[in-house]
Amino acid sequence: GLPRHWLDPTVPFAAVMAMPAQGMLITSATLRDQSDTPRKPPTEEGQTEDLYSEESERAWEAAEARTGANHFPAPAIRASLSSPFDYARQTRTFIVNDIDHGSIADLAAAYRTLFQASGGGGLGLFTAISRLRGVHSRIAPALEENGLPLYAQHVDAMDNATLVDIFRTEEHACLLGTDAMRDGVDVPGNALRLVVFERVPWPRPDILHRERRIHLSGGDTTGYDDRIARLRLRQAFGRLIRSQSDRGVFVLLDRRTPSRLLSAFPPGAEVRRMGLADTAREIESFLPRTPQN
Numbered sequence: 001g002l003p004r005h006w007l008d009p010t011v012p013f014a015a016v017m018a019m020p021a022q023g024m025l026i027t028s029a030t031l032r033d034q035s036d037t038p039r040k041p042p043t044e045e046g047q048t049e050d051l052y053s054e055e056s057e058r059a060w061e062a063a064e065a066r067t068g069a070n071h072f073p074a075p076a077i078r079a080s081l082s083s084p085f086d087y088a089r090q091t092r093t094f095i096v097n098d099i100d101h102g103s104i105a106d107l108a109a110a111y112r113t114l115f116q117a118s119g120g121g122g123l124g125l126f127t128a129i130s131r132l133r134g135v136h137s138r139i140a141p142a143l144e145e146n147g148l149p150l151y152a153q154h155v156d157a158m159d160n161a162t163l164v165d166i167f168r169t170e171e172h173a174c175l176l177g178t179d180a181m182r183d184g185v186d187v188p189g190n191a192l193r194l195v196v197f198e199r200v201p202w203p204r205p206d207i208l209h210r211e212r213r214i215h216l217s218g219g220d221t222t223g224y225d226d227r228i229a230r231l232r233l234r235q236a237f238g239r240l241i242r243s244q245s246d247r248g249v250f251v252l253l254d255r256r257t258p259s260r261l262l263s264a265f266p267p268g269a270e271v272r273r274m275g276l277a278d279t280a281r282e283i284e285s286f287l288p289r290t291p292q293n
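Under UniProt numbering, the first residue of the sequence shown carries the number 1, and numbering increases by one thereafter.
Take a look at the structure:
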């Protein structure tokens with residue numbers, strides 16, 4: 001028969017987990033959409049305070065819907081903890097605004113320039129396998145000549161865990177990947193000091209996504225897509241800083257990035273729009289350089 005999908009996949013998830021589990025703990029830095037939560041409480045009383053409370057409640061309700069917590073018999077106990085990281089000191093964030101988005105050659109040149117500026121330790125993220133492969137074939141020889149080995153998901157005949165292990169142990173290596181690398185890489189220290197995302201990770205507009213958007217968006221279809229993109233950007237940014245001693249740079253190669261998505265980045269992470277050459281110079285001055293063998 002035809003494959004069938006749940007419009008809300010958290011319904012079967014909750015049904016399966018509720019039977020054997022005596023309790024569940026769901027933790028993530030991306031549970032709540034940053035745009036739904038004011039960065040600081042209001043200073044005025046009355047209506048402003050009420051608005052803050054309403055927005056905070058909506059953010060929690062959206063998080064519970066996204067995780068399936070609203071389908072469990074008992075209400076969730078909520079807790080929010082501040083980040084231990086100083087993002088203003090430990091990170092830099094750039095949007096490159098002079099790349100021809102339709103040119104794979106320009107995209108490859110940007111990746112090569114940025115990886116060389118950081119001296120390796122770069123994770124390149126893609127929303128399409130075809131663009132990943134096109135960039136890899138164009139920059140791998142040049143990076144290898146400069147002592148920067150390049151590995152890639154969907155290219156190298158290794159599973160993702162092996163690719164990440166190699167990347168973690170070779171401080172000057174670079175790695176290309178898609179969504180699995182965006183969400184599942186844990187590389188603390190200097191081995192991962194640069195994340196380059198080729199474009200805003202909008203959801204793919206297939207039939208399933210369109211139907212889920214109608215069912216789950218509450219009528220705000222544009223906001224639904226924005227929330228998905230923000231959470232994906234936050235996941236990608238989260239690869240950078242895994243300890244208080246880490247330093248890292250996040251670069252988005254999409255000049256069309258709307259300002260309403262920039263709340264995906266944590267407080268203190270100032271986003272600056274500039275050209276590729278200036279971005280490379282900023283990377284060179286910010287990141288510590290280690291000698292190559």
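Each residue gets a CB set at the ideal place from its N, CA and C atoms; glycine is no exception.
Values in this document were obtained by computation on a predicted structure and should not be read as measured data.
Please report the distance separating the alpha-carbon of residue i from that of residue j.
i: Trp60; j: Thr67; result: 11 Å
i: Asp106; j: Phe197; result: 14 Å
i: Met158; j: Val135; result: 19 Å
i: Gly238; j: Asp179; result: 13 Å
i: Gly120; j: Val195; result: 11 Å
i: Phe126; j: Val200; result: 9 Å
i: Thr91; j: Pro20; result: 42 Å
i: Met103; j: Arg131; result: According to the sequence shown, residue 103 is Ser rather than Met. Near 10 Å, if we compare the C-alpha coordinates of Arg131 and Ser103.
i: Arg204; j: Ala128; result: 10 Å
i: Val249; j: Gly184; result: 18 Å
i: Arg133; j: Val155; result: 7 Å
i: Gln244; j: Asp86; result: 8 Å
i: Leu253; j: Asp186; result: 23 Å
i: residue 297; j: Arg138; result: This structure gives no information on residue 297, because the portion of the chain shown stretches from 1 to 293.
i: Ile26; j: Met181; result: 21 Å
i: Ile207; j: Thr221; result: 14 Å
i: Asp8; j: Ser83; result: 30 Å
i: Leu261; j: Ala229; result: 7 Å
i: Asp278; j: Ala109; result: 14 Å
i: Gln22; j: Arg58; result: 27 Å
i: Ser202; j: Ala29; result: In the sequence on display, residue 202 carries Trp and not Ser. Each residue's alpha carbon lies about 19 Å from the other.
i: Leu81; j: Ser56; result: 14 Å
i: Leu14; j: Ala79; result: First, the amino acid is wrong: residue 14 is Ala here, not Leu. Taking the straight line from one Cα to the other gives about 20 Å.
i: Pro42; j: Glu54; result: Because the pLDDT of Pro42 is 49, which lies under 50, any placement of that residue in the model is unreliable, and the number read from its coordinates should be weighed accordingly. Rounded to whole angstroms, Pro42 to Glu54 spans 12 Å at the Cα level.
i: Ala142; j: Ile241; result: 28 Å
i: Leu123; j: Asn160; result: 13 Å
i: Met17; j: Ala74; result: 13 Å
i: Arg289; j: Ile77; result: 45 Å
State buried or exposed for residue i, treating a residue as buried only when at least 16 other CB atoms are found within 10 Å of its CB.
i: Gly189; result: exposed
i: Glu64; result: buried
i: Arg193; result: buried
i: His101; result: exposed
i: Thr257; result: buried
i: His172; result: buried
i: Gln153; result: buried
i: Thr10; result: buried
i: Gln116; result: buried
i: Arg32; result: buried
i: Ser118; result: buried
i: Thr162; result: exposed
i: residue 303; result: Here the chain comprises residues numbered 1 to 293, so residue 303 is not present and cannot be evaluated.
i: Ile283; result: buried
i: Cys174; result: buried
i: Ala280; result: buried
i: Arg89; result: exposed
i: Arg232; result: buried
Go to residue i, then tell me how far its beta strand (DSSP E) extends in each direction, as first and last residue.
i: Met274; result: Val271 to Met274
i: Val200; result: Taken as a continuous stretch (DSSP letters only), Val200 belongs to no beta strand (DSSP E), as it is neither H nor E.
i: Val251; result: Gly248 to Leu252
i: Thr91; result: Thr91 to Val96
i: Leu176; result: Cys174 to Gly177
i: Leu150; result: Leu150 to Ala152
i: Leu123; result: Gly122 to Leu125
From which residue to which residue does the alpha helix (DSSP H) around residue i run?
i: Val185; result: Unbroken run through Val185: none, as it is neither H nor E.
i: Val16; result: Thr10 to Ala18
i: Ala142; result: Ile129 to Glu145
i: Gly223; result: Thr221 to Phe237
i: Leu114; result: Ile104 to Ser118
i: Glu211; result: Ile207 to Leu216
i: Val164; result: Asn160 to Thr169
Could you check whether the Cβ of residue i sits closer than 9 Å to any Cβ belonging to chain C?
i: Ser118; result: Annotation note: the requested chain C is absent from the structure, which comprises a single protein chain.
**Prompt:** Given 8 Å as the limit, is there contact between the segment 141 to 150 and the segment 214 to 229, that is, 3 or more CB pairs closer than that?
**Reply:** Pairwise C-beta distances place the segment 141 to 150 out of contact with the segment 214 to 229, as fewer than three of them are shorter than 8 Å.
How about the segment 86 to 101 and the segment 273 to 287: do they share at least three Cβ pairs that are nearer than 8 Å?
Verdict: yes, contact present.
> Is the segment 258 to 268 touching the segment 223 to 243 in the sense that three or more CB pairs, one from each, lie closer than 8 Å?
Replying inline: With three or more CB-CB distances shorter than 8 Å, the segment 223 to 243 counts as touching the segment 258 to 268.
**Study point:** Segments assigned beta strand (DSSP E), at least 3 residues, entirely inside the segment 51 to 91
**Key:** DSSP runs (the beta strand (DSSP E)) wholly in the segment 51 to 91: none.
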